[in-house]
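The sequence shown runs 634 to 1092 under my numbering. Using N, Cα and C, we set each Cβ at its ideal position, and we do this for glycine too. Take a look at the structure set out below.
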Amino acid sequence: MRAPLATLVTLGLATVWPAALAFAGAGQEAVDYVLVPPAATPSRRAAGVAHVLYLNRCAGGCEVQSGDNDPHQNRSSIIRKPAVLPAFSFGDAAWTSLVQCVRHAYALYDLSIVTEPPPANVDHVAVLVAGRPTDLGFGLGTLGVAPLSVDCSPQRNVLAFAFADSHPAENLNELCSTVVHEAGHTFGLDHALQCRDPMTYLTACGGQAFLNIESRCGEFRKDRHCRCSDVQNSHVKLTNELGPSGVLALAGTVSLADTPTWDGSVLTGQVDEPRWIRSIELWINGFRWGRLPHTALSDFLFTAPPVSNGILDIEVRSVNDLGAAAAHKLTLTKGAPCQTSATCRDPEVCQEGRCMYPAPTGPLGAVCTEPQDCASWECFDYSGAPRCSMVCSPGLERSECPAGYTCVSSKDPAPGMCWPTEELPSGGCSSAAPTSGPAWLLVLLGLLGLLAPLGSRRR
């Protein structure tokens, strides 16, 4: 790790200090963002959020200037020196693939990804995808750099940089990750210590997506509080700031290794899911017999449960962090199809050769002791008295809970659950972790000369 650099935020300006003048302690890990003051508008929402992301390949070269932010003029407050970035060097086919990759990463959010300069009256964020970090005065290990508002608010009319020539030409996914990551900082996202999220520094993570889970922040090894709260949910953050696009998240696929023979057998297989796997579930004749909460592995194993003889409609279902489900279904017969309910276990009834449990009927808010008491199959205990609940996303401004209910944080397998608002100890606030401090305090610390680390984005 190279020596960290630092940013001094003072009097509304962001000044980059050379490493020799930084007050960072020994062993401090470098990061790829520069902390900057929030926009000077009294209400950023009144001014609107930029819904355009311009990917600039610097055709013919980009003359980049240091100064007040203006993407129309390629001017940025975070660069170290003016320079000319050479054009994107990997060719047209690579550029087309890169743009498609970035669009896929932000597909769920109301954000237009464009490759032509927006009109002068259109607020936007620009990512310059070209050159090397040394062109702008950054160290060789820097893959990209972007401004991050000290209050984690989204920014408009700023530049971020993804140094294309510091990436291998044969691995466009790596460059795509850098572009997506640096753009994320401009929308107010900190680093997530979560391998499957694009805001991570961790490597060899497989497919990535902005996850609907609450995760701690951090860079390489040790977790920390996030800049503006204890935890960060990158999907909720982008949905709140940009709004949903209306595109629905797709689920992965589920495959079984072999067909179970039942008594004493097991069901094994694998889930191929591009997002976070919330749970893997075993359903037989409409009844959930097993549920594996999230693990780091996509392989699963269920021991065949002691079901009644009859026709068995088996479904292994994978549910991701957004609730999208994939399933592998098969039908087999154990023994002989039932003829009457007398051969079924109580309270099962025989229907068309199948022993079926009655469908659960408990409504939202009903007292429960187990999931099968609830129509939602979710029995949640928030305050010592379990109730039927439903999955939701804490912090989402457009609440997924019905009137009279608040989304509170929960543990795996769901990010949150709906709970009666009147029963919350805080009188209506969710149990999401409190913020680490008000925005004005963070700004004040900047005005007093707080130094924050800046450095390379290692992936």
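Check whether LEU822 and LYS870 have beta carbons under 7 Å apart: A contact, by the Cβ cut-off of 7 Å.
GLY788 and ALA825 closer than 7 Å at C-beta: Per the sequence presented here, residue 788 reads as Gln, with Gly not at that position. Contact flag unset, no.
Straight-line Cα distance separating LEU915 from PRO1048: Spanning the two alpha carbons is a distance of roughly 21 Å.
CB-CB length for ALA759 against TYR687, believed under 8 Å: That belief holds up - the Cβ atoms of ALA759 and TYR687 are roughly 4 Å apart, short of 8 Å.
Cβ-based burial, GLY1028 [other Cβ within 10 Å; buried from 16]: The residue is buried, with at least 16 neighbouring Cβ atoms inside 10 Å.
Entirely enclosed alpha helix (DSSP H) segments - the stretch 854 to 939, minimum 4 residues: Within the stretch 854 to 939, the runs of alpha helix (DSSP H) that reach at least 4 residues and sit entirely inside it are, in chain order, 867 to 875.
Completely contained beta strand (DSSP E) runs for the stretch 697 to 742, where each covers 3 or more residues: Scanning the stretch 697 to 742 for uninterrupted beta strand (DSSP E) segments of 3 residues or longer gives 716 to 718, listed from N- to C-terminal end.
The beta strand (DSSP E) enclosing ALA795, as first and last residue numbers: Unbroken beta strand (DSSP E) run through ALA795: 791 to 795.
Beta-carbon gap between GLN972 and SER931 smaller than 7 Å: At the C-beta level, GLN972 and SER931 stay beyond 7 Å of one another.
Cross-strand partners of GLN1005 (DSSP beta bridge): When DSSP reads this structure, GLN1005 sits in no beta bridge, so it has no partner.
Three-pair Cβ contact test at 8 Å for the stretch 762 to 771 versus the stretch 786 to 804: They touch, by the three-pair rule.
As assigned by DSSP and simplified to three states, the class of SER799: Note: SER799 maps to helix in three-state DSSP.
Burial state of SER898, where buried means 16 or more other Cβ atoms lie within 10 Å: Label assigned to SER898: exposed.
As assigned by DSSP and simplified to three states, the class of ASN806: Secondary structure of ASN806 (DSSP, three-state): helix.
CA nearest to the CA of ARG829, picked from SER1022, HIS814 and TRP1052: If we check each option's Cα against that of ARG829, HIS814 comes out closest.
Integer-rounded CB distance, given that SER1009 should sit under 8 Å from LEU997: The beta-carbon distance between LEU997 and SER1009, rounded to whole angstroms, is 7 Å. This is short enough to meet the 8 Å contact definition.
N- and C-terminal bounds of the beta strand (DSSP E) containing CYS1051: Start and end: 1049 to 1053.
C-alpha gap between PRO719 and GLY777, whole angstroms: It is roughly 15 Å from the alpha-carbon of PRO719 to the alpha-carbon of GLY777.
Exposure of PRO993, with buried meaning 16 or more beta-carbon neighbours within 10 Å: Its Cβ being crowded by 16 or more others within 10 Å, PRO993 is buried.
Cβ contact (3+ pairs, closer than 8 Å) linking the stretch 962 to 981 and the stretch 934 to 944: Cβ pair count under 8 Å is three or more, so yes.
Sequence-distant residues of its chain with Cβ nearer than 6 Å to ARG978 (five each side left out): So the list reads SER941, once near-sequence residues are dropped.
Segment contact flag, the stretch 690 to 708 with the stretch 736 to 745, C-beta cutoff 8 Å, min 3 pairs: By the Cβ test, the stretch 690 to 708 is not in contact with the stretch 736 to 745, since fewer than three Cβ pairs between them sit closer than 8 Å.
Nearest candidate by alpha-carbon position, reference GLU807, set GLY817, GLN841 and VAL783: Distances from the CA of GLU807 to each of GLY817, GLN841 and VAL783 were compared; the closest alpha carbon is that of GLN841.
Opening and closing residue of the beta strand (DSSP E) in which ALA959 lies: That run of the beta strand (DSSP E) goes 958 to 967.
Own chain, CB closer than 8 Å to ALA753, minus 5 neighbours either side, in chain order: For ALA753, where only same-chain residues beyond five positions count, the Cβ hits under 8 Å are HIS705.
DSSP bridge partner residues for CYS850 (one or two, in chain order): ALA825 and ARG857, per the DSSP bridge assignment.
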